[in-house]
Every structure is written in C-alpha cells, then in structure tokens.
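Residue numbers (UniProt numbering): 1 to 352.
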C-alpha cells in the first residue's frame, strides 16, 4: 500500500512517500488467515495528548530497558534445536516481533493441520538477514507483472514444523495485537496436535509495548514512514512552510492508539477510501524530538533507516532556523527529494 499523505493541501510539494512494506492485502486477509476489522473508539479518532495518563508515557531518555518481553523458552528450544547457544539478542528479537506483527503472515491451512509463516518485502536484504540470524526458512524471489523487476518482491517462508514451533515459542506471550494472538492460537492447536497436547500453552495476554523496547522500531520498519512537505504559504518569510510527520498505517486502531499514548501527541484517524485502514500521525518539531530520541536508541533495520537519517538532518536544520534563508530552504528541498529516493519499497509489490 502506497500513500501520498495529505493530498488535499493546496500547492503542496511532497516528495516523501508513505509506504507499507507488505502491500499484499490478500496475504494478510486471505482465507488462510483470520479476517479482522478494528472499529474506532473515541480515542482512535482524536488527539491522544489531551487524555494521556502520566503513568502511560515513558521517557525515551530512560536508560533502564526492562520490558514485558520474555524469551527464555525460545532460547531454550533454540539451543535444543541447533545444539548451540542462541546468539540472538533480546533487543533484536523484540524488533523482529514488531516487524512481524506489521508485515508477517501467520498462516494456518489444510483444515488447521498445516502452518506457515511468511514475511513479504520489496527489500531482499532484510529478509536474508533474518534468515541468516534464525538459520531457518528460505527467501524466494517473485518477479511480477509487465514491469518486471519494478514490481517484484521477496518472501521469507518458514514451513518446517519444528521451525514454526521455534517461532511460536518466540511469539507466545510477546505479541501486542489481539488479532495476531488469535492467529497464533491456530498455530498452537496445530503444533500441539503434531508434537503432543502439552507442547505449548497459549498465552493470550497482549504484551505491553513501551518506548523502552525495540518493538516500535520493528513495527515502523514494516508500517511507518517519515514525511517532509513544503507547502506554499504567503504568511511565512520565504513563502513556504515546512511540515514534518512521523506516520504509521495499520488496520489495528488499538495499537496505533497505544503508540499515540506513548509519545503523548499526534492523532489516529480512519483513512478515507481505504478498507478500514487507520493512520497515526505525529507532527510538531518540538514533539518529534521524542520520536527522534526513540529511533536513535532503537535504530531501524531496513532501508527506512536511511530515510530517517535524512529526515533527522532536516529536523535539525529547521530547529536551527536554517530554513529561513534561500540557501537553507534549497538545501532542505534537496534533502527532501532524497528521502526514499531509489528505495524500491516505495513501489507496489505484485499481487499475491
């Protein structure tokens, strides 16, 4: 799914593109998966800052990294499966779970007897990195459409039952979204039927995502973008106003509302013309400092890291008022065009 945000703003020069790395909606909402539609509550459709509870917001400057994510069972099974100690850090595993909740397909088919996990991306490097780190699954290339490589995509596919069990141990008790837990429940049933009824006990309590863990970094790699727009406005010195946004798109309005609560600013809205897709939008130069601090603490792992770094540079330039000169504004225009440039994830992937 590609979107050019805020197209109703007149005379807008907007080169930054929002994307969802997984645009194969049929992959997520196909017959093999549980279909879901989240309805908006009052929180989902309004600014979160005004109703933020002090105990919810976490300071991104805190050095403590205690989280609700637990990986001991995963590490134990990994050690048994591969006869060596797991080398995967808890921080990276937390990033992966966020990435998987955004882009993954937790599939159960053949009347609940068979299971599979799929990650679909335009960017092959991140899938090969994930495959290498876990030492499971296969990455396949899918050329699609008349445009050839302009419309191709890649998938990391895991279907070995023992490897699915490894992922099930990883996800169990560590998923933040209810519809993902429902999908995992089908995995648990299938795996218990195959390996024994007591192999894995489903933990159906959503994990509490905070700004002290890497989940949101992974989720942003899957579903987020960093946007810069330069809009004509005669009230400003050079006749233009610069706006910066951090954006997440997702069908689950609840998790977006949670992100809104964590940062304490922004809003979650239902996107018109979509099939129940919601958008979290965070804007405001001062407020976005918390977003920047978070991603400096928990770096992005895909090519979106390059877009973030350019976005961060523009934020610094505007904060230092370098945009108030013709030379400074020209530099920002150049940087704006470079965001997402030659990033294949800004193109649609092929049909499933």
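Just so you know, even glycine gets a beta-carbon here, dropped at the ideal spot from N, CA and C.
Cβ pair count under 8 angstroms reaching 3, the stretch 182 to 196 against the stretch 308 to 320: Between the stretch 182 to 196 and the stretch 308 to 320 there are fewer than three inter-stretch CB-CB distances shorter than 8 angstroms, so the stretches are not counted as touching.
Range of the contiguous beta strand (DSSP E) that encloses residue 129: Premise fails: residue 129 lies in the alpha helix (DSSP H), 124 to 134, not in any beta strand (DSSP E).
Nonlocal neighbours in the same chain, by C-beta distance under 6 angstroms from residue 118, ignoring five residues either side: 105, 155 and 157
Endpoints, beta strand (DSSP E) assigned at residue 313: Not the beta strand (DSSP E): residue 313 falls in the alpha helix (DSSP H), residues 304 to 319.
Local conformation of residue 193 per DSSP, three classes: helix
Residue 155: first and last residue of the uninterrupted beta strand (DSSP E) it sits in: Element bounds for residue 155: 153 to 158.
Range covered by the beta strand (DSSP E) that runs through residue 270: 267 to 270
Residue 310 at chain D interface by Cβ criterion, 8 angstroms: Going by chain labels, chain D is absent from the structure shown, which holds only one protein chain.
Inter-residue spacing [alpha-carbon to alpha-carbon] between residue 190 and residue 111: 10 angstroms
Cα-Cα separation between residue 134 and residue 88, rounded to whole angstroms: Taken atom to atom, the span from the alpha-carbon of residue 134 to that of residue 88 is near 8 angstroms.
Neighbour-count burial assignment, residue 304, 16 or more Cβ in a 10 Å radius: buried
Proximity to residue 80 [Cα-Cα], best of 95, 92, 103 and 166: 166
Assigned secondary structure, residue 202 (DSSP; H/G/I helix, E/B strand, else coil): coil
Proximity below 8 angstroms, CB of residue 339 to CB of residue 226: yes
Whole-angstrom distance between residue 253 and residue 184, CA atom to CA atom: 20 angstroms
Bounding residues of the beta strand (DSSP E) (the contiguous stretch that carries residue 105): Per DSSP, the unbroken beta strand (DSSP E) holding residue 105 starts and ends at 104 to 109.
Counted within 10 angstroms of its Cβ, other Cβ atoms place residue 273 as buried (16 or more) or exposed: exposed
Cβ-based neighbour list, residue 78, same chain, cut-off 6 angstroms, excluding 5 preceding and 5 following: Cβ within range, chain order: 86.
Of the residues 263, 301 and 257, the one placed nearest residue 270, counting alpha carbons only: Residue nearest to residue 270 within the set 263, 301 and 257 is 257 (criterion: CA-CA distance).
C-beta contact flag for residue 210 and residue 262 at 8 angstroms: Yes. Within cutoff.
Beta bridge counterpart(s) of residue 183 as assigned by DSSP: Answer by DSSP bridge pairing: none, since residue 183 is not bridged.
Proximity to residue 213 [Cα-Cα], best of 131, 93 and 72: Nearest of 131, 93 and 72 to residue 213, Cα basis: 93.
Nearest-angstrom Cα separation, counted from residue 266 out to residue 164: 37 angstroms
Within 8 angstroms, strictly: CB atoms of residue 207 and residue 69: yes
Residue 117, DSSP secondary structure in three states: In the three-state reduction of the DSSP assignment, residue 117 falls in the strand class.
Cβ neighbour criterion (16 or more within 10 Å) applied to residue 61: Low confidence applies here, because residue 61 scores a pLDDT of 47, under 50, leaving its location unreliable; read the following figure in that light. By the 10 Å Cβ count, residue 61 comes out exposed.
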